[in-house]
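Novice:
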Amino acid sequence: MIMPPVVAPARSVVDATGTAVEIPETPQRVMALAPDLTEIVFALGRGHRMVGACDVCDEPAPASHLPETGSMESPSVEAIALLRPDLVLATSEGNPRAVLERLRALGIPAFGVQPGPGLDGVATTVETLGDLLDARVEATRLVVDMRARIAETRALSATRKRLRACVLAWTDPLIAAGHGTYFDDLLDVVNAENACAAGDGWPRLSRESFVLAAPQVILLATGQPPEASPARSLGDWAGAVPAVRDEAVFVLSPRPFLRPTPALGAGAATLRTLLDAAALRTDARERRGDGTR
Amino acid sequence: MSEPLVLRDAVARRGDFTLGPLTLELERGHALAVIGPNASGKSTLVALARGDLAPASGSVSLLGDDPSRLPRDEVARRAAVVRQGQPPRLPISALELVLHGRHVHLSGLRLPREQDLAAARDALRSVDAEALASRDLRTLSGGELQRVLVARALAQESPVLLLDEPTTSLDLGGRAELEHLVGALLAAGRALLLVTHDLDLAASACEWVILLRGGAVMAEGAPADVLTPAHLEAAHGVAVDVDLQPGTGRPRVSLRGR
Amino acid sequence: MMRGPLTARRLGASILISGMLLAGMLALALIANPRALARDAPQLPMRRAVEALAGGGDETARLVIWRFRVPRVALAAATGAALALAGALLQPVMRNPLADPYVLGVSSGAALGAVAALSIGLHVAGAGPAIFATLGAALAALLTFGLARDAEGRLVGERLVLAGVVLSYLLAAGIMWVVSLSPAAQGQHLLFWLMGSFASASGAQALAVAGCVVASLLLVMPQASAVNLMAVSDEHAADAGVAVERVKRVVFVACAVLVGVAVAAAGSIGFVGLVVPHGTRLALGSDARLGLPVSVLCGAAFLVGADLVSRAFGELPVGVVTATCGAPFFLLLLLRRRAA
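Chains as they are written, first to last, in our numbering: chain A, 5 to 297; chain B, 1151 to 1408; chain C, 11 to 350.
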């Protein structure tokens, strides 16, 4: 059954799957099936045009009141269709590809986004969404702003000595951020060496390799709420790791760190503060003569 | 010295089926035959003799003790069973199977000693199956398998032998050998309980025959007294003629032609 | 023409050779520097590894070797031994050359216990989900054995398999339920656990599993001859003087314990309990007195080798490695049978 669109489609755009999608010049009834997409829509100032979002798309605050479209892993096509959107945004990082096809079969314009690697990938996604939502000016501004903050953070970090850091998505088994992730880029921005970059994407490490990597700072991007002592959360076995010894283990909050949005620009600044604090502790220990390796 | 196998008014129950009361005395160097139609309790009797079933009343004595109270390995030392055999699923040689009969004479890992290997080979020789020693049992014919199973029981060197339908897969040659073997065993002082459909074998090999029907003893005594047309017709429901086997003078049963 | 009955000499020689195989594999796993695909992951050079093993070496090398590598290799060896022993016991007793210890439903019970505990966030300090996995294994075993008894209280092989398979399906459904209810990241974490890994090995775990293997072996070796008899048929064994029900109880309980402990420690690692005993039988014959100890040693070597491959390929789940080896093995078996 084909549902007639609310506003007549005026242009054709090609999404990440290579499919041409017909959308209005200015979409009025927008849906996002992933939290990062939702945040970007609001950041572009088009939050008031949203008519639905995924069940975990709770930020910024107004988004939590939007009608729910189901989970990220299995969005409800019925719920989506009932709200008669004129543009549905899905991401290859979390939404199933099949939902795009099912929505298109019902005549609903569904646009698939494939975020590119690293921070540049975030910029590209913002620009793509800006083009779709007729918010090109806002998009450019967001990207410029993000890049400016990153440049500033990079300059401020250059004076501090280079530390070895790891970003962990999980602690048992150890899953670390490798090359091509935006975490890798962020570490570079704050003048840290990614000590756990054992490959592209999210490689698994043995405990042995982790200990040999000897990171001085550990950033936990597990999405779990922070414990009283994050350094202990790795386990007794990690006692010899410099970051654990110096208590330079920090929990990254899901917003902004676990989502590929322009808020990562501000996130980079936060990261720099954490690393500066860690550097102080490491220096103090070295002066006391305890040695790091 | 205690009697090999004595049953006194023994009654055994298996589900709805009741066997007995049954009284018999098996002596050394003697063979006793148990005959009767299917489901008359012959296999139950073997189970009773081995102590797989405890008597509901009366007594069973295997070389002086109640077999249902004995540990399984002690029972096997006293009585060996030959049954109809199924071919095994995993590969095993005939010699290996015969050596299983030595299980109760060994301990620990039970690796066979010289005397066990000798006993096994002797047993195979007695059933004319020496050539089959290294053959995989799964490749043997029914008759060859049966002979190996008999050899296994022989290797156990137990004073009592319980033979449950040992002639089923045997051809004429095998049947002749078995009769010869039975004679040799009796001469050596073993006690045999022979459960069989082969009435001629029962008659020629045994001095005492028990005819069962529906769990009760219909007749017992010397072969000539039990294997009569009247008894057999009453037990099996078919008409038979009985004359004498040339040579032994024992009864020979033939179905009456129509 | 089949080979003759087992002699003490052949038994000793086979055990010696398998032992040497295991020793070689252990040495390799302890020293090797599997660089292959884990391009940038820091590794310990062989020279430093050897020094640390010998008692000297630098502090980091000693830490890596004694705190991480030795427990990991030891756990891999113990787990491989446990699974292979379970299979080597089960195949003759069930008269099925393709029986796998996982048919008892115990492994699914262990997996469900662990997965449920992990998803709720329960863990006993240092032991991870192991306790809950063991509990799950025990409950599953009780259920399977309870269902497998016939009217007279005897354990029937076919009913045991049926009960185990039914329970496995039920418990697998439970596992899928737990995984699907978990948030995405944790769901993936659970799946990784299920595929098997020695990455979080501790010395205590290795000792626990090894202890179970030794205890089981001491318990079952005196019954090995009885197992040979039962491999022909229960009746045949009973006729020859074996207390069949008692042996079955010992064997099944030992298998349940071995599988439960193995899965609790390292997740579901398949094929070891199937391939190693079967391969041992093809090479050395069906005598359990040989099959049991040799399977233990070869199972240990097999899993240590699999873990080495896992380390070389960026911490690939061990279950994936064993499955990759197992499938071609069976294909070969199938082709051999067709040709014969």
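From the three backbone atoms N, C-alpha and C, an ideal C-beta is built for every residue, glycine too.
Could you tell me which of B/I1242, B/D1350, B/L1312 and B/E1264 sits nearest to B/T1289, measuring between CA atoms?
Specialist: Position 139 of the second sequence, counted from the start, is the residue given in the question as residue 1289 of chain B. The shortest C-alpha separation from B/T1289 is found at B/I1242.
Novice: Roughly how many angstroms lie between the CA atoms of A/A143 and C/L284, to the nearest whole one?
Specialist: Counting from one through the first sequence, the residue named residue 143 of chain A turns up at place 139. Counting from one through the third sequence, the residue named residue 284 of chain C turns up at place 274. Distance between the alpha carbons of A/A143 and C/L284: 59 Å.
Novice: Quick check on A/P260: buried or exposed, where buried means 16 or more other Cβ atoms within 10 Å of its Cβ?
Specialist: If you number the first sequence from 1, residue 260 of chain A lands on position 256. It is buried - the Cβ of A/P260 has at least 16 other Cβ atoms within 10 Å.
Novice: For C/L406, I'd like the list of residues in its chain whose CB is within less than 6 Å of its CB, leaving aside the five on either flank, ordered along the chain.
Specialist: This structure does not reach residue 406 of chain C, given that chain C is present from 11 up to 350, and the question cannot be answered.
Novice: To the nearest angstrom, how far is the alpha carbon of B/R1260 from that of C/D249?
Specialist: By 1-based counting over the second sequence, the position of residue 1260 of chain B is 110. By 1-based counting over the third sequence, the position of residue 249 of chain C is 239. Approximately 17 Å between the Cα atoms of the pair.
Novice: Would you say C/D160 faces chain B, with C-beta separation under 9 Å as the test?
Specialist: The count along the third sequence starts at 1 and reaches residue 160 of chain C at position 150. By this cut-off, C/D160 is not an interface position.
Novice: Go through its chain and collect everything with a Cβ distance to A/S237's Cβ below 6 Å, but skip five positions before and after it.
Specialist: Translated into the one-based positions of the first sequence, residue 237 of chain A becomes position 233. E231, listed in sequence order.
Novice: Shortest alpha-carbon distance to B/A1189 belongs to which of B/D1166, B/E1175, B/A1305 and B/A1183?
Specialist: If you number the second sequence from 1, residue 1189 of chain B lands on position 39. For the set B/D1166, B/E1175, B/A1305 and B/A1183, the Cα lying nearest the Cα of B/A1189 is the one of B/D1166.
Novice: Is there a C-beta anywhere in chain B that falls below 9 Å from the one on C/D244?
Specialist: The residue given as residue 244 of chain C occupies position 234 in the third sequence. For C/D244, the answer is no, since every Cβ of chain B falls outside 9 Å of its Cβ.
Novice: If you reduce the DSSP assignment to three classes, tell me which class B/E1357 lands in.
Specialist: As a position in the second sequence, residue 1357 of chain B is number 207, starting the count at 1. Three-state DSSP puts B/E1357 in coil, outside helix and strand.
Novice: Is B/G1251 close to chain C? Criterion is C-beta to C-beta, closer than 9 Å.
Specialist: By one-based count along the second sequence, residue 1251 of chain B stands at place 101. Yes, contact with chain C.
Novice: So, are the CB atoms of C/G115 and C/A92 less than 9 Å apart?
Specialist: Position 105 of the third sequence holds residue 115 of chain C. Position 82 of the third sequence holds residue 92 of chain C. In terms of Cβ geometry, C/G115 and C/A92 do not form a close pair [threshold 9 Å].
Novice: In terms of alpha-carbon separation, which member of A/V248, A/G122 and A/V45 lies closest to A/R140?
Specialist: Taking the first sequence and counting its residues from 1, the one referred to as residue 140 of chain A is at position 136. Considering only alpha carbons, the answer is A/V45.
Novice: Classify A/T163: buried if its beta carbon has 16 or more other beta carbons within 10 angstroms, exposed otherwise.
Specialist: Here residue 163 of chain A refers to the residue found at position 159 when the first sequence is read from its first residue. Exposed.
Novice: Helix or strand or just coil, what does DSSP make of A/W206?
Specialist: Residue 206 of chain A sits at position 202 when you count from the first residue of the first sequence. Three-state DSSP puts A/W206 in coil, outside helix and strand.
Novice: Which chain A residues are close to C/E325, counting only those with a beta carbon under 7 Å from its beta carbon?
Specialist: One-based indexing of the third sequence puts residue 325 of chain C at position 315. Going along chain A in sequence order, the residues near C/E325 (Cβ under 7 Å) are P177, R208, L209 and S210.
Novice: Which chain A residues are close to C/L54, counting only those with a beta carbon under 8 Å from its beta carbon?
Specialist: Taking the third sequence and counting its residues from 1, one reaches residue 54 of chain C at position 44. Against chain A, the beta carbon of C/L54 has neighbours under 8 Å at E212 and L216, listed in chain order.
Novice: By the 7 Å beta-carbon criterion, what residues does the stretch 195-207 of chain A contribute toward chain C?
Specialist: A201, A202, G203 and P207
Novice: When you check each C-beta in the stretch 273-290 of chain C against every C-beta of chain B, which residues fall closer than 8 Å?
Specialist: none
Novice: Where does C/L343 sit, in a helix, a strand or coil, going by DSSP?
Specialist: Sequence index remark: in the third sequence, residue 343 of chain C carries index 333 (1-based). Of the three classes helix, strand and coil, the one that applies to C/L343 here is helix, per DSSP.
Novice: For C/V10, count neighbouring C-beta atoms within 10 Å of its own C-beta (all shown protein chains included) and say buried if the count is 16 or more, exposed if not.
Specialist: Absent from the structure is residue 10 of chain C, since the part of chain C shown begins at 11 and ends at 350.
Novice: Once you ignore the five residues that flank B/R1325 on each side, which residues in its own chain have a CB closer than 6 Å to its CB?
Specialist: Taking the second sequence and counting its residues from 1, one reaches residue 1325 of chain B at position 175. Correct list, in chain order: T1317.
Novice: So what does DSSP say about A/A57, is it helix, strand or coil?
Specialist: Residue numbering aside, residue 57 of chain A sits at position 53 when the first sequence is read from its first letter. Looking at A/A57 - three-state DSSP - the assignment turns out to be strand.
Novice: What in chain A is Cβ-close to C/A195, meaning under 8 Å?
Specialist: As a position in the third sequence, residue 195 of chain C is number 185, starting the count at 1. Neighbours of C/A195 in chain A, taken as residues at a C-beta separation under 8 Å, are given in chain order as A173, W174, T226 and G227.
Novice: So A/P264 and A/D40 are supposed to be a Cβ contact under 8 Å. How far apart are they, rounded?
Specialist: One-based indexing of the first sequence puts residue 264 of chain A at position 260. One-based indexing of the first sequence puts residue 40 of chain A at position 36. Contact flag correct, Cβ pair sits at about 5 Å.
Novice: Report the three-state DSSP secondary structure of C/I279 (helix, strand or coil).
Specialist: For this step, residue 279 of chain C is matched to residue 269 along the third sequence. Look at C/I279 here: in three-state DSSP terms it is coil, with no helix or strand label.
Novice: Does C/P388 come within less than 9 Å of chain B when only Cβ atoms are used?
Specialist: This structure cannot speak to residue 388 of chain C, because chain C is shown only from 11 to 350.
Novice: Opposite C/S226 in the DSSP bridges: which residues?
Specialist: Counting from one through the third sequence, the residue named residue 226 of chain C turns up at place 216. C/S226 is not bridged to any residue.
Novice: Should A/G74 be flagged as near chain C, meaning a C-beta pair shorter than 9 Å?
Specialist: Translated into the one-based positions of the first sequence, residue 74 of chain A becomes position 70. Residue contact with chain C for A/G74: absent (no Cβ-Cβ distance below 9 Å to any residue of chain C).
Novice: Give me, in chain order, the residues of the same chain whose beta-carbon lies closer than 6 Å to that of C/I279; leave out the 5 immediate sequence neighbours on both sides.
Specialist: Taking the third sequence and counting its residues from 1, the one referred to as residue 279 of chain C is at position 269. Closer than 6 Å at the Cβ level, and outside the excluded window around C/I279, lie G206, V328, G329 and T332.
Novice: Give me the chain C residues within the contact set of A/A181, using Cβ-Cβ distance strictly less than 7 Å, ordered along the chain.
Specialist: In the first sequence, the residue the question calls residue 181 of chain A occupies position 177. Ordered by position in chain C, no residue passes the 7 Å Cβ test against A/A181, which lies about 13 Å from the chain.
Novice: Taking 9 Å as the threshold (C-beta atoms), are C/T70 and A/L216 in contact?
Specialist: Translated into the one-based positions of the first sequence, residue 216 of chain A becomes position 212. Translated into the one-based positions of the third sequence, residue 70 of chain C becomes position 60. Closer than 9 Å, so yes.
Novice: Does the stretch 1292-1300 of chain B come within contact of the stretch 1237-1257 of chain B, defined as at least 3 CB pairs closer than 8 Å?
Specialist: yes
Novice: Is the CB of B/A1268 under 9 Å away from at least one CB in chain C?
Specialist: Sequence index remark: in the second sequence, residue 1268 of chain B carries index 118 (1-based). Chain C, which has no Cβ nearer than 9 Å to the Cβ of B/A1268, makes this no.
Novice: Assuming contact is defined by CB atoms lying nearer than 9 Å, are A/G271 and A/G184 in contact in what I supplied?
Specialist: Taking the first residue of the first sequence as position 1, residue 271 of chain A is located at position 267. Taking the first residue of the first sequence as position 1, residue 184 of chain A is located at position 180. No; because the gap between Cβ atoms is not below 9 Å, this pair is not in contact.
Novice: So, is the C-beta of C/V254 closer than 9 Å to a C-beta in chain B?
Specialist: In the third sequence, the residue the question calls residue 254 of chain C occupies position 244. For C/V254, the answer is yes, since a Cβ of chain B falls inside 9 Å of its Cβ.
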